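Notes to accompany the following structure.
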Amino acid sequence: MREAFPFSAIVGQEEMKLALLATAVDPAIGGVLVFGDRGTGKSTAVRSLAALLPSMSVVRNCRYGCDPAAVTRYCDDCRGRYDGVPLPAAKVSVPVVDLPLGATEDRVVGALDLERALADGVRAFEPGLLARANRGYLYIDEVNLLDDHLVDLLIDVAASGENVVERDGLSVRHPARFVLIGSGNPEEGELRPQLLDRFGLSVEVRTPADIPSRIEIIRRRDEYEQQGEDFIARYRKKNQAVRRRILAARERVAGVVVDDAMLGQMSRLCVALGTDGLRGELTLMRAARAVASLEGRAAVTIGDLCAVAPLALRHRLRRDPLDESGSTERIERALAELRAGALGS
Numbered sequence: 000m001r002e003a004f005p006f007s008a009i010v011g012q013e014e015m016k017l018a019l020l021a022t023a024v025d026p027a028i029g030g031v032l033v034f035g036d037r038g039t040g041k042s043t044a045v046r047s048l049a050a051l052l053p054s055m056s057v058v059r060n061c062r063y064g065c066d067p068a069a070v071t072r073y074c075d076d077c078r079g080r081y082d083g084v085p086l087p088a089a090k091v092s093v094p095v096v097d098l099p100l101g102a103t104e105d106r107v108v109g110a111l112d113l114e115r116a117l118a119d120g121v122r123a124f125e126p127g128l129l130a131r132a133n134r135g136y137l138y139i140d141e142v143n144l145l146d147d148h149l150v151d152l153l154i155d156v157a158a159s160g161e162n163v164v165e166r167d168g169l170s171v172r173h174p175a176r177f178v179l180i181g182s183g184n185p186e187e188g189e190l191r192p193q194l195l196d197r198f199g200l201s202v203e204v205r206t207p208a209d210i211p212s213r214i215e216i217i218r219r220r221d222e223y224e225q226q227g228e229d230f231i232a233r234y235r236k237k238n239q240a241v242r243r244r245i246l247a248a249r250e251r252v253a254g255v256v257v258d259d260a261m262l263g264q265m266s267r268l269c270v271a272l273g274t275d276g277l278r279g280e281l282t283l284m285r286a287a288r289a290v291a292s293l294e295g296r297a298a299v300t301i302g303d304l305c306a307v308a309p310l311a312l313r314h315r316l317r318r319d320p321l322d323e324s325g326s327t328e329r330i331e332r333a334l335a336e337l338r339a340g341a342l343g344s
């Protein structure tokens, strides 16, 4: 099977790449919502990033990809095998799992394994898509068209980090922590507010308008399809550099300083924009810290805040009937006032 399109070969779409890199450094930021034109490389970017991430350690033969070091988050099976001695581990690639719009609830959460039940008379659980996506990425194209019952299910799992199935005489609990990536076209319908709030970052993508960028995108895609391994090899060193950058950022992100003055700036920005709750500020802090870590800085700067504010806040703003500006314009205007010291202290 051919390797994914190299992440470092993606032309433009800097916002989307930054959002994906930030969540690779700190998954606690939450998912990424990518809204915009079709054919702009949304799914390509997700698979490209996952492909360059280092393999992850899982409990050997665990169907849910449990982290050997996270004993408190073991699935029921691993908890039953654990006796105080670390369970044997194996290395696997970071999963990227597609959740189709027409998927049934059984396929998503898992269900009774009918084949084993009929053949062997054994009541066994067949894991679903949430189990496969654990510690990886769950990708939903046209997420704004997802059925309401699946939206409710995803909200519950995203909040708890666990999938609990109690049906057909089964009672199963397993970890389901993943970065949720949703893409879609806003012209085809809006996303329910409850699910929208679960995405840490929101990205707007557009088809490039300049001819040189369009030509370069077409050329690289054609070379990838025609030349395969030769094209991938040309970007291997750049991809490795991105991987090293992510690994280094993961090591130092916990130590990146977000002082009270910077937290005050974040709070003033959220108050000025009228965001509900405190999730916006938490996301701002985590995303700015991840970006600072990617850049090798020991503390978050106003530049980091400005880089992530549109991503973290544009989907959290209420419509202002007296302001015809879009969310991004309102955030940029507030950031300019923040830099100028015009926002109240």
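For what it's worth, numbering that gives the first Met the number 0 labels the leading residue of the sequence shown as 0, then goes sequentially. By construction, the Cβ of each residue, glycine as well, lies at the ideal position given by its N, Cα and C atoms. All figures in this text were calculated on a predicted structure; none of them were measured in a lab.
In the displayed model, Leu98 falls within coil according to three-state DSSP, outside both helix and strand.
Distances from the alpha-carbon of Cys269 to those of Gly29, Gly64 and Cys305 put Cys305 closest. Taking C-beta separations shorter than 7 Å and ignoring five residues to either side along the sequence, the partners of Asn133 in its chain run Tyr63, Gly64, Pro174, Ala175, Arg176 and Phe177, following chain order. Here Arg172 carries a strand assignment [DSSP, helix/strand/coil]. Fewer than three Cβ pairs drawn from the stretch 297 to 316 and the stretch 233 to 240 lie within less than 8 Å of each other, which leaves the two stretches out of contact. Collapsing the DSSP output to three states places Asp75 in a helix. The beta carbons of Ser54 and Val96 sit no closer together than 8 Å. Taken atom to atom, the span from the alpha-carbon of Leu149 to that of Glu104 is near 7 Å.
Contact check for Val31 against Val202 passes: the beta carbons are separated by less than 8 Å. Considered as a whole, the stretch 125 to 183 harbours 136 to 140, 161 to 166, 169 to 174 and 178 to 183 as its complete beta strand (DSSP E) runs of no fewer than 3 residues, in chain order.
Two segments are said to touch when three or more pairs of C-beta atoms, one from each, lie closer than 8 Å; by this definition the stretch 243 to 254 does not touch the stretch 214 to 232. Exclusion of the five residues before and after Pro126 leaves Arg62, Tyr63 and Gly109 as the residues of its chain whose Cβ lies within less than 7 Å of its Cβ. Between the stretch 211 to 225 and the stretch 69 to 84 there are fewer than three inter-stretch CB-CB distances shorter than 8 Å, so the stretches are not counted as touching. In this structure, Asp36 places its C-beta atom within 8 Å of the C-beta atom of Val204. When Cβ pairs closer than 8 Å are counted between the two stretches, the stretch 43 to 52 is seen not to touch the stretch 208 to 215, the count staying below three. Taking 8 Å as the cut-off, the Cβ atoms of Gly29 and Arg197 count as close. For Ser56, the three-state secondary structure derived from DSSP is strand.
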